[in-house]
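First the structure, in the form of C-alpha cells, and then the observations on it.
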Amino acid sequence: MDLFTENIELVRRIVNRLRADGFDKDDLFQAGLMGLYAAAKNYDPSHAVKFNTYATYFIIGEIRKEMRKKSHIRISKAMYRIIRQLKDHEDKNVDEIAKTLGTTRENVLLAFVYKNSVLSLNREDEDGGELLEIIPAPDRRTEFEDALAALKEEEREYVELRFFRNYTQEELSEKLGMSQSKVSRMEKKILRKMRKILLGKP
Numbered sequence: 011m012d013l014f015t016e017n018i019e020l021v022r023r024i025v026n027r028l029r030a031d032g033f034d035k036d037d038l039f040q041a042g043l044m045g046l047y048a049a050a051k052n053y054d055p056s057h058a059v060k061f062n063t064y065a066t067y068f069i070i071g072e073i074r075k076e077m078r079k080k081s082h083i084r085i086s087k088a089m090y091r092i093i094r095q096l097k098d099h100e101d102k103n104v105d106e107i108a109k110t111l112g113t114t115r116e117n118v119l120l121a122f123v124y125k126n127s128v129l130s131l132n133r134e135d136e137d138g139g140e141l142l143e144i145i146p147a148p149d150r151r152t153e154f155e156d157a158l159a160a161l162k163e164e165e166r167e168y169v170e171l172r173f174f175r176n177y178t179q180e181e182l183s184e185k186l187g188m189s190q191s192k193v194s195r196m197e198k199k200i201l202r203k204m205r206k207i208l209l210g211k212p
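Just so you know, we're using this note's numbering here: the sequence shown kicks off at 11 and counts up by one.
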C-alpha cells in the first residue's frame with residue numbers, strides 16, 4: 011500500500027473534525043485528497059518528520075483553499091487598527107496587549123498571525139476602503155485548531171506559552187535558554203507557518 015492509500019482515513023478524520031457548517035463535506039474531502047496526493051508526491055522520508063504530520067499541513071491547506079472559494083469575511087477596520095498597533099506592544103504578554111488595545115486574546119493572536127500579510131497587502135485601505143478578503147472561514151477557533159494541529163510539537167508548545175499562558179518574549183528567552191532575538195525569529199517563523207495554513211498556501 012502506498013502513502014496516499016494508507017492515509018486516506020487521515021483526510022476523513024481532518025474533515026470530520028472541522029466545524030464547517032454550510033460546506034459540502036464531500037467537496038472538502040476531495041480537496042483534502044488533493045493535499046494528501048501532493049504530500050505523498052513530495053515527502054522525503056530522510057527528513058525527521060512523520061508523514062502524517064507532513065501531510066496534515068498539505069491537507070488542511072487544500073481544504074482551506076476550497077473553503078476560501080465559498081466563504082470569505084473581511085478584516086474589519088477595527089482589526090486592521092489592532093494589527094497596526096502591535097509593533098508598539100510586542101514586548102508585552104497577550105493579556106496586557108488585549109487590555110491595552112481593548113480587544114480579546116483571540117483577536118490579538120489573529121492579529122499576530124495576519125499582521126505581515128495585511129500590512130503589506132492593504133496599506134491603501136486604511137482610509138476606509140475594502141480590505142482584501144483573506145480569512146478563509148468565519149470560525150476563528152476552528153482556524154486556530156487547524157493551524158495548531160499542523161505545527162510541530164515544540165512549535166505548538168511555543169504558541170501555548172506565548173499566546174495562551176501569557177509569557178512575554180523576554181520570559182520565553184529565559185525559559186528556553188536562548189537569546190530574545192532568536193526567540194523573536196522563532197515566533198515569526200511559527201506565525202508565518204500558521205498564516206500559510208490559514209490562507210490555504212501549503
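Backbone N, C-alpha and C fix where the C-beta goes; we use that ideal spot for every residue, glycine too.
Source: prediction; values computed, not measured.
Under 8 Å Cβ to Cβ from residue 137, same chain only, skipping five residues before and after it: list those, please. Per-residue confidence for residue 137 stands at a pLDDT of 37, beneath the threshold of 50, marking its modelled position as unreliable; the derived number appears in the next sentence. There are no such residues.
With 16 other CB atoms within 10 Å as the buried threshold, where does residue 2 fall? Residue numbering for the chain in the displayed model covers 11 to 212; residue 2 lies beyond these limits and cannot be assessed.
Proximity of residue 166 and residue 182 at Cβ, strictly below 8 Å: No, these two residues do not count as a Cβ contact at 8 Å.
Excluding sequence positions up to five away, which residues of its chain have a Cβ less than 6 Å from the Cβ of residue 242? Nothing about residue 242 can be reported from this structure: the residues present for the chain run from 11 to 212 only.
Residue 173 - containing alpha helix (DSSP H), residue span: Note, residue 173: premise wrong, no alpha helix (DSSP H); not H, not E.
Just verifying my parser: in three-state terms, what is the DSSP assignment at residue 214? Since the displayed the chain opens at 11 and closes at 212, residue 214 lies outside it and no answer follows.
Can you tell me where the alpha helix (DSSP H) with residue 16 in it begins and where it stops? Membership of residue 16 in the alpha helix (DSSP H) is indicated by the continuous run 13 to 16.
Residue from 105, 203 and 13 whose Cα sits closest to the Cα of residue 60: 13
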